[in-house]
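Student: The working numbering runs 17 ahead of the 1-based position in the sequence shown. Where is the CB? At the ideal position from N, CA and C, for every residue including glycine. I'd like to ask you about the structure that follows.
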Amino acid sequence: EVFGTGAERFERGFGESLDLLLDGLSGGPVAGDGEFFRFRQVRVVPGASMRPVVACTSEATVGVAAERGLPMLLGMHIGDAEKAALVEDYAARGGSATDHVAAGVACVADSTAEAVREIKESLPRWLGPGLAGYVPVDDRPRPMRNIPAYVDLLARIHPVGSAEHCAATILRTAENTGIERFILLVEGLGEHRRTLENVRRFGAEVLPLLRTR
């Protein structure tokens, strides 16, 4: 609606958009002659050779990634079992990538109880307004997320805790899903100073535990 593309582009145009992006990142010229994009041949400048990662939240997007051999980015809203099922579905569809990425929340503290308490106190303050402001396409109904329950889930399934707990959580996810790449939200405490401290502690205390296993 905002960009004048309509629900059809939203529902069916992602694959075509992704193919144009892949063409543009290949280094050669790109032209649009599809259902949603039609434009003469142009070259993307400055050139950049990159391989996108596809955020997958449904069977449809898993299929799009698998057809193109692109790795998946799996969201922090699902646990190991759901991630493992999507990885299995991807392989069953003939997907060739193995370098999938798991998203999560990370918070390191002196104890797991302390980290969980801090995340539960701070995360809802900015996560709630963001989710509440989401407007679905075509006014379609959407489920209302229970913010405290969602934050509780994030604290339970992601590296939120002591350094030892964080390392064990990451290793467990890697073992359960086969995913060895992680992208972590480290700013959950909502303060610049605390975010930098979280990054420092993660690098100094958690990563060494992962490198030894």
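Using the Cβ count rule (16 or more neighbours within 10 Å means buried), how would you classify S179?
Tutor: buried
Student: Looking at A172: is its Cβ nearer than 7 Å to the Cβ of L227?
Tutor: Cβ atoms of A172 and L227: not closer than 7 Å.
Student: Any idea if G147 is buried or exposed, counting beta-carbon neighbours within 10 angstroms, 16 or more meaning buried?
Tutor: Exposed is the call here.
Student: Helix, strand or coil for V152, going by three-state DSSP, please let me know.
Tutor: coil
Student: CA-CA distance, R239 and R85?
Tutor: The question about residue 239 has no answer, for the chain in this structure spans 18 to 230.
Student: Ignore the nearest five residues each way along the sequence and tell me which others in L103's own chain have a CB closer than 7 Å to its CB.
Tutor: C73, V79, M89 and L91
Student: Let me know if A83 comes out buried or exposed under the rule of 16 or more other beta-carbons within 10 Å of its beta-carbon.
Tutor: Looking at its Cβ environment, which holds 16 or more other Cβ atoms inside 10 Å, A83 is buried.
Student: Relative to the C-alpha of G51, which candidate in G44, R142, L35 and P63 has its C-alpha closest?
Tutor: L35
Student: Could you give the distance in angstroms between the alpha-carbon of V168 and the alpha-carbon of G207?
Tutor: 14 Å
Student: So G32 is in the alpha helix (DSSP H); what residue range does that whole segment cover?
Tutor: F31 to G41
Student: Can you find at least 3 beta carbon pairs, one from the stretch 120 to 133 and one from the stretch 203 to 219, that sit closer than 8 Å?
Tutor: yes
Student: How is P176 classed by DSSP in three states: helix, strand or coil?
Tutor: coil
Student: Let me know the secondary structure DSSP gives S188 once reduced to three states.
Tutor: Just to set this straight, residue 188 is Leu in the shown sequence, not Ser. The answer is helix: DSSP assigns L188 an H, G or I state.
Student: Would you say the stretch 35 to 48 touches the stretch 57 to 75, given that touching needs at least three Cβ pairs under 8 Å?
Tutor: yes
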